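Under numbering that gives the first Met the number 0, residues 0 to 712 are what the sequence shown spells out, in order. Yeah, the Cβ is synthetic: ideal placement off N, Cα and C, and Gly gets one too. Model, not experiment: these values are computed from the prediction.
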Amino acid sequence: MNDLYVSYIKDKLSLNKWQVENCISLLEEGATIPFISRYRKERTGALDDVQVAEVKHYYSFFTDLDKRKKTILESIYAQKKLTSNLKDEILSCVDSNKLEDLYLPFKPKRRTRASIARERGLEPLASEIFLMKLEDCRAYSRSFISEEVKDEDEVLQGARDIIAEEISEQISIREDLRNQYLKHARIVTRKSRSLGEEEASVSKFGNYFDFSGSLSTIPSHRMLAILRAEKEGHISFRIDIDESFQIRTIRSHLYKGVKATHSCREQIDTAIADSYKRLLHPSISNEVLKISKEKADKEAVRVFGENLSSLLLAPPVGQKRVLAIDPGFRTGCKVVCLDAQGELLHNDTIYPHSPVNEKIKSIKKISYMVEAYKIEVIAIGDGTASRETEHFIKKIPMPKDVSVYSVSEDGASVYSASAVAREEFPDYDVTVRGAVSIGRRIMDPLAELVKIDPKSMGVGQYQHDVDQSLLKEMLDNTVVNCVSKVGVNLNTSSRHLLSYVSGLGPSVAKKIVEYRSINGPYNTKEELLNVSRFGAKMFEQSAGFLRISGGENPLDNTAVHPERYSLVEQIAKDLNKDVKELVGEKNININLDKYVSDDIGLPTLQDIVEELSRPGLDPRKTARVMEFSPDIFTIDDLKPGMILPGIVTNITNFGAFVDVGIKQDGLIHISQMADKFISNPSEIVKLHEHIKVKVLEVDTVRKRIQLTLKGIS
Numbered sequence: 000m001n002d003l004y005v006s007y008i009k010d011k012l013s014l015n016k017w018q019v020e021n022c023i024s025l026l027e028e029g030a031t032i033p034f035i036s037r038y039r040k041e042r043t044g045a046l047d048d049v050q051v052a053e054v055k056h057y058y059s060f061f062t063d064l065d066k067r068k069k070t071i072l073e074s075i076y077a078q079k080k081l082t083s084n085l086k087d088e089i090l091s092c093v094d095s096n097k098l099e100d101l102y103l104p105f106k107p108k109r110r111t112r113a114s115i116a117r118e119r120g121l122e123p124l125a126s127e128i129f130l131m132k133l134e135d136c137r138a139y140s141r142s143f144i145s146e147e148v149k150d151e152d153e154v155l156q157g158a159r160d161i162i163a164e165e166i167s168e169q170i171s172i173r174e175d176l177r178n179q180y181l182k183h184a185r186i187v188t189r190k191s192r193s194l195g196e197e198e199a200s201v202s203k204f205g206n207y208f209d210f211s212g213s214l215s216t217i218p219s220h221r222m223l224a225i226l227r228a229e230k231e232g233h234i235s236f237r238i239d240i241d242e243s244f245q246i247r248t249i250r251s252h253l254y255k256g257v258k259a260t261h262s263c264r265e266q267i268d269t270a271i272a273d274s275y276k277r278l279l280h281p282s283i284s285n286e287v288l289k290i291s292k293e294k295a296d297k298e299a300v301r302v303f304g305e306n307l308s309s310l311l312l313a314p315p316v317g318q319k320r321v322l323a324i325d326p327g328f329r330t331g332c333k334v335v336c337l338d339a340q341g342e343l344l345h346n347d348t349i350y351p352h353s354p355v356n357e358k359i360k361s362i363k364k365i366s367y368m369v370e371a372y373k374i375e376v377i378a379i380g381d382g383t384a385s386r387e388t389e390h391f392i393k394k395i396p397m398p399k400d401v402s403v404y405s406v407s408e409d410g411a412s413v414y415s416a417s418a419v420a421r422e423e424f425p426d427y428d429v430t431v432r433g434a435v436s437i438g439r440r441i442m443d444p445l446a447e448l449v450k451i452d453p454k455s456m457g458v459g460q461y462q463h464d465v466d467q468s469l470l471k472e473m474l475d476n477t478v479v480n481c482v483s484k485v486g487v488n489l490n491t492s493s494r495h496l497l498s499y500v501s502g503l504g505p506s507v508a509k510k511i512v513e514y515r516s517i518n519g520p521y522n523t524k525e526e527l528l529n530v531s532r533f534g535a536k537m538f539e540q541s542a543g544f545l546r547i548s549g550g551e552n553p554l555d556n557t558a559v560h561p562e563r564y565s566l567v568e569q570i571a572k573d574l575n576k577d578v579k580e581l582v583g584e585k586n587i588n589i590n591l592d593k594y595v596s597d598d599i600g601l602p603t604l605q606d607i608v609e610e611l612s613r614p615g616l617d618p619r620k621t622a623r624v625m626e627f628s629p630d631i632f633t634i635d636d637l638k639p640g641m642i643l644p645g646i647v648t649n650i651t652n653f654g655a656f657v658d659v660g661i662k663q664d665g666l667i668h669i670s671q672m673a674d675k676f677i678s679n680p681s682e683i684v685k686l687h688e689h690i691k692v693k694v695l696e697v698d699t700v701r702k703r704i705q706l707t708l709k710g711i712s
């Protein structure tokens, strides 16, 4: 990548030039984000995964920009209009809007008013007027009257059309106006005329029936809400700005050093007004709207990534025998029993609720399953009939060590109907598969949730409206980074989880599992090199994130990369210890400076010592049981002033949604999160955090609950 782009990235991310260059070099070599941030700290100056991802994003952007430049240069060259100065300007451009401004005069156009005027031979007149070389515009214009242009007014109109188009293509004018719009333009909305009164009364976009906000400061969720409301026909909107100021701005570019009384100015002023209204305003409005949308997309995607990370790294209960329930009323509650490895042992359906009310029979079935399958954990989906089912289960006498958890059902139905679920459970219907997913996600959320499209997990805002390529990039990075932080057991993990290991993918993950099923458990990481299509580069990128418990080499169950095993062996030798003794030792007393070399610095050495002291440590916390208020089951039970336990289910830019144990989540608006100003709800709460909230307002008609964190001791 050329120095121009490197310097831009350096300045944008406040990094050193060598950090950017080395990071890009590693990316070009095929290194992944987790590998670079974990195992190449010396080369990048210890950039973390977020910084590496940002460098990668800009690297991809400039790669695409170069492709666009090539297309533009070829187009202008074919027109025989490519000058050396223009070529240099295009090649030195780092802004996509500026690049399109440069291309605009040469871009093939549909037939325009200006092109028609040119066809009629009016370009020389337009040029003379625009350059203000004429003493009498009207007198000179009469010489251009022809069969196609029959009078003086028509001649001057054609000339003005040409001038208007040329004004709209001037780069300095477009840049100046664009900057003005980005600073001062407003987005103004109105209720759609086609929206009926009944539709309007229940519309969730009522706040935007009469709204005006600055385009430069509008929050991302509001921008995306407006765009969706307009798309669904609830509102219309326009970009509003002081027109007279913009026209004065254009004049200032064109009239430098020109007398105010020049005879051509009347024609040019008319062309300026036409150019602004007909060409510049629509064009610049679309550009700044696109810029605002991109800004909103980035923020929404960032929030989605943070929430997804919290969801994937949710505390697991570990390998325990689970009874999972997908609750329901009329169709009953689907119950499955899973062993400690998540394998399905038994399934049944109970009907403890109305309209069937088989309570006694249901109690007998649950009691039998708990005893027969030595159940340690009961997981209940948090959807319809969740609280009623939890209330029912807790009344059944249980062994004292059995814990009851409420588990998010988001995405369970998507999984149950997916090809992955059909492959895992070809002989069972979607209800059984959904219940299994609920049970497995309490055991190990990460291992189960990687099977589900992240967009189906209900942890974002307007995820279907944002740039899907940007969203996919963020989600893929997030999942891979989460998997890398936890580490993956090579001998027990599914191919779905293995496919998200740094450097691997679905096809290779499948080969790894097939090799395991034929040859038995892996004893060393080096055995991976025997797997079809598993080469040295893939081993380099993935090995540090894989674990083998009880294998030949104790280091294989740590995050120490195999390329550093010899170093650990040397450290052990210097301490007169075996490597096995070193793994798990809390305080390794050794001078690390003596092991520093050209390719191994203190950051890597410190990581190795830390990993040896706590090998295979799962960074996730231990799962906690959520105890909702025993008196709250429906929205009608809520009263302002109540203080209730709840769990954070989603975080957006405008606040956090909290489950307080009923069907509808309540909202803590960002203004109700603290007595001080906060810019981001994640400063105060985290996804799946157990908190206490106070009920502010209950709207039973619109099913809306307003909550606050203020005034809770």
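Reference residue i; option with closest CA among the options
i           : options            : result
residue 564 : 575, 549, 581      : 581
residue 689 : 673, 97, 705, 655  : 655
residue 94  : 65, 300, 686       : 65
residue 425 : 354, 97, 343       : 343
residue 228 : 630, 178, 569, 191 : 191
residue 19  : 34, 671, 516, 1    : 1
residue 684 : 437, 306, 562      : 306
residue 571 : 160, 561, 584      : 584
residue 554 : 83, 330, 614       : 614
residue 659 : 670, 671, 643      : 643
residue 266 : 646, 568, 152, 680 : 152
residue 638 : 704, 537, 345, 127 : 704
residue 458 : 236, 322, 303, 62  : 303
residue 383 : 328, 436, 269      : 328
residue 772 : 590, 551, 556      : Lying outside 0 to 712, the shown extent of the chain, residue 772 is not represented and no answer is given.
Whole-angstrom distance between residue j and residue i, CA atom to CA atom
i           : j           : result
residue 429 : residue 185 : 49 Å
residue 692 : residue 587 : 45 Å
residue 602 : residue 627 : 45 Å
residue 714 : residue 281 : Nothing in the structure corresponds to residue 714, since the chain is present only between 0 and 712.
residue 358 : residue 393 : 13 Å
residue 21  : residue 42  : 6 Å
residue 422 : residue 24  : 40 Å
residue 92  : residue 69  : 12 Å
residue 48  : residue 479 : 11 Å
residue 719 : residue 73  : Residue 719 lies beyond the stretch modelled for the chain, which goes from 0 to 712, so this question has no answer here.
residue 75  : residue 263 : 32 Å
residue 311 : residue 633 : 29 Å
residue 176 : residue 414 : 49 Å
residue 483 : residue 544 : 6 Å
residue 390 : residue 445 : 28 Å
residue 448 : residue 520 : 24 Å
residue 509 : residue 44  : 35 Å
Contact check, residue i vs residue j, beta carbons under 8 Å
i           : j           : result
residue 87  : residue 174 : no
residue 708 : residue 666 : no
residue 238 : residue 214 : yes
residue 652 : residue 293 : no
residue 57  : residue 11  : yes
residue 517 : residue 530 : no
residue 418 : residue 432 : no
residue 161 : residue 113 : yes
residue 32  : residue 51  : yes
residue 319 : residue 375 : yes
residue 167 : residue 98  : no
residue 523 : residue 556 : no
Beta bridge counterpart(s) of residue i as assigned by DSSP
i           : result
residue 649 : 656
residue 705 : 666, 696
residue 488 : 546
residue 34  : Answer is none; residue 34 lacks a bridge partner.
Whole-angstrom C-beta distance between residue j and residue i, which should lie under 8 Å
i           : j           : result
residue 349 : residue 373 : Their Cβ separation, rounded to whole angstroms, is 19 Å, which puts residue 349 and residue 373 out of contact at 8 Å.
residue 103 : residue 157 : With 8 Å as the limit, residue 103 and residue 157 do not qualify as a contact, their Cβ atoms being about 21 Å apart.
residue 105 : residue 501 : So it is not a contact: roughly 44 Å between Cβ atoms.
residue 163 : residue 273 : 5 Å
residue 326 : residue 379 : 6 Å
residue 716 : residue 308 : Only positions 0 to 712 of the chain appear in the structure, and residue 716 is not among them; the question remains open.
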